[in-house]
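Asker: Just so we're aligned: the sequence shown equals residues 474 to 768 in the working numbering.
By construction, the Cβ of each residue, glycine as well, lies at the ideal position given by its N, Cα and C atoms.
Right, I'll just put the structure down here and ask away after.
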Amino acid sequence: MKIGMCMFLWTTAVSKKHEPLLRDIKATGFDGVEIPIFAGTPNDYTKLGELLDRIGLERTAVSAMGDPALSLISADGSTRKAGIDYMKWAIDCSAALGVKTLSGPLHSTLGAFSGSGPTAAEKKRSVASQRAIGDHAGKRNVTIGLEALNRFECYLLNTMDDLSEHIDAIDRPHIKAMYDTFHANIEEADPIGAYTRNHKNVVHIHISENDRGVPGRGHIPWKETFSAIRKSGYDDWLTIEAFGRSLKDLAAATKVWRDFSESPEAVYRDGYKHIRSGWKKAGELNAAGPSSQAI
474 MKIGMCMFLW TTAVSKKHEP LLRDIKATGF DGVEIPIFAG TPNDYTKLGE LLDRIGLERT
534 AVSAMGDPAL SLISADGSTR KAGIDYMKWA IDCSAALGVK TLSGPLHSTL GAFSGSGPTA
594 AEKKRSVASQ RAIGDHAGKR NVTIGLEALN RFECYLLNTM DDLSEHIDAI DRPHIKAMYD
654 TFHANIEEAD PIGAYTRNHK NVVHIHISEN DRGVPGRGHI PWKETFSAIR KSGYDDWLTI
714 EAFGRSLKDL AAATKVWRDF SESPEAVYRD GYKHIRSGWK KAGELNAAGP SSQAI
């Protein structure tokens with residue numbers, strides 16, 4: 474298992490100026506960071522990867538599409554092509570950065586709604602778009618982790634069951650799923666079961682508290698969550714995703730109107746301890762058997 478920290482808490486464009494912060498994240502114990510990809514060239518991300526190598530941080534990547542002109546499920550073919558081209562660019566940047574996983578709500582436009590649920594035609598267009606994206610991702614050795622988002626942020630894929638079914642329909646080895654504890658807390662009647670039923674497709678996990686603040690201070694069922702993840706055999710990234718008010722556009726998109734912690738340092742330092750401790754305890758409980766977990 475690796476512990477990561479998503480840089481969304483500070484920026485959507487990581488650069489040399491963030492080196493002191495990155496070094497402190499490394500000193501805290503993190504294995505790596507999650508790098509937002511929204512602008513720039515592959516060469517820019519090659520240079521950023523070199524900086525992260527010097528610091529000793531591994532990395533994953535995250536992106537999203539908020540422009541309806543890039544909709545991957547649009548009835549307009551040129552719009553879908555623009556979205557596929559965007560994804561190919563993001564994949565190329567990810568490969569240059571040296572990541573194996575690019576995650577996010579990379580199936581539809583963030584914050585765009587039709588006024589009804591997803592149609593069969595939209596799902597069909599999504600499958601075609603994702604297959605084209607998956608073929609390019611395979612050439613770059615990058616796996617896409619599609620994210621099920623809550624109903625207030627998207628309408629195409631809200632639950633892990635729907636997401637996993639869609640991934641099976643896409644049928645591309647480099648198009649998989651991400652599990653996010655924040656979104657599951659909103660949409661799933663049984664967040665643990667939603668993960669367990671669909672873990673075969675999960676390649677990335679976001680550790681996010683119910684209020685988007687410090688992991689471990691809210692009401693996500695962490696003991697059961699860590700236990701289920703360990704039981705599933707997942708042994709990859711557990712990446713903290715939290716948000717603040719420092720970036721106005723991102724705060725507006727994620728509906729962040731107040732501070733959720735006393736400081737960003739509390740998020741990643743206390744959050745790291747929470748994951749490390751929770752993972753260890755889950756291993757001990759799983760080894761002890763069902764009777765001890767019921768106590």
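Can you give me the start and stop residues for the alpha helix (DSSP H) that S736 sits inside?
Answerer: It is not in any alpha helix (DSSP H) - S736 carries neither H nor E in the DSSP assignment.
Asker: With distances taken between CB atoms, is the gap from R532 to L524 smaller than 7 angstroms?
Answerer: Result no, Cβ atoms of R532 and L524 do not sit closer than 7 angstroms.
Asker: Return the chain-ordered list of same chain residues with a C-beta closer than 6 angstroms to the C-beta of R624, the five sequence neighbours on each side being excluded.
Answerer: Same-chain partners within the cutoff: N631.
Asker: In chain order, what residues of the same chain lie with their CB nearer than 8 angstroms to the CB of M480, ignoring the 5 residues before and after it?
Answerer: V487, H491, V506, E507, I508, P509, listed in sequence order.
Asker: Report yes or no: do the segment 492-506 and the segment 514-522 share at least 3 C-beta pairs separated by less than 8 angstroms?
Answerer: Segments in contact, no.
Asker: Got a sec? Which residues, its chain only, sit under 6 angstroms from T727 by beta carbon, not counting five neighbours each side?
Answerer: Excluding positions up to five away in sequence, the list reads F716.
Asker: For S750, is the classification buried or exposed, using 16 other Cβ atoms within 10 angstroms of its Cβ as the cut-off for buried?
Answerer: S750 is exposed by the Cβ-count criterion.
Asker: Do you know how far the Cα of T574 is from the Cα of T582?
Answerer: Roughly 20 angstroms between the two C-alpha positions.
Asker: A594 to N759, Cα distance in whole Å?
Answerer: Straight-line Cα distance between these residues: approximately 44 angstroms.
Asker: Could you tell me the alpha carbon to alpha carbon distance between D634 and L711, rounded to whole angstroms?
Answerer: Computed Cα separation, rounded: 21 angstroms.
Asker: W483 by DSSP, collapsed to three states: which one?
Answerer: Coil at W483, not helix or strand.
Asker: Give me the residue from D641, A585, G686 with the minimum Cα distance to H747.
Answerer: Selected option, being the one with the closest Cα: G686.
Asker: Between G477, F511, G513, A512, which has its C-alpha nearest T501's C-alpha?
Answerer: It is G477.
Asker: Would you call H647 buried or exposed, if buried means 16 or more other Cβ atoms sit within 10 Å of its Cβ?
Answerer: Answer is buried; the Cβ neighbour count reaches 16.
Asker: Can you give the Cα-Cα distance for H656 and A662, rounded to whole angstroms?
Answerer: Roughly 11 angstroms between the two C-alpha positions.
Asker: Do you know how far the Cα of G762 is from the Cα of W433?
Answerer: What is shown of the chain runs 474 to 768, which leaves residue 433 out entirely.
Asker: Restricting to Cα atoms, I'd like to know which of E757, I713, K754, G529 is closest to A739.
Answerer: With distances taken between Cα atoms, A739 lies closest to I713.
Asker: Start and end of the beta strand (DSSP E) containing T533?
Answerer: Counting along the chain, the beta strand (DSSP E) containing T533 begins and ends at 531-535.
Asker: Apart from the five residues just before and just after E757, which ones in its own chain have a Cβ nearer than 7 angstroms to its Cβ?
Answerer: Closer than 7 angstroms at the Cβ level, and outside the excluded window around E757, lies no residue.
Asker: Taking the alpha-carbon positions, what's the R645 to D608 distance?
Answerer: Going from the Cα of R645 to the Cα of D608 covers about 7 angstroms.
Asker: Using the C-alpha atoms, what's the distance from R604 back to G618?
Answerer: G618 and R604: Cα-Cα distance of roughly 14 angstroms.
Asker: On the criterion of 16 or more Cβ atoms from any shown chain inside 10 Å, does N614 qualify as buried, or is it exposed?
Answerer: That one is exposed.
Asker: Take V535 and list the residues in its own chain whose beta-carbon comes closer than 6 angstroms to its own, dropping the five residues that flank it on each side.
Answerer: Once the five neighbours on either side are set aside, the close Cβ partners of V535 are E507, P509, S576, G577.
Asker: Threshold first: 3 residues or longer. Then list the beta strand (DSSP E) segments lying entirely within the segment 549-634, N to C.
Answerer: Qualifying beta strand (DSSP E) stretches, in chain order: 574-577, 616-620.
Asker: Alpha carbon to alpha carbon, how far is G513 from D549? Give it in angstroms, no decimals.
Answerer: Going from the Cα of D549 to the Cα of G513 covers about 27 angstroms.
Asker: Let me confirm a value: P664 is counted as buried when at least 16 other C-beta atoms fall within 10 Å, else exposed. Which label applies?
Answerer: Buried, because 16 or more other Cβ atoms sit within 10 Å of the Cβ of P664.
Asker: Applying the 10 Å Cβ sphere with the 16-neighbour rule, what's the burial state of D641?
Answerer: Flag for D641 reads exposed.
Asker: Are A701 and Y745 closer than 7 angstroms when you measure CB to CB?
Answerer: No, Cβ-Cβ distance for A701 and Y745 is not below 7 angstroms.
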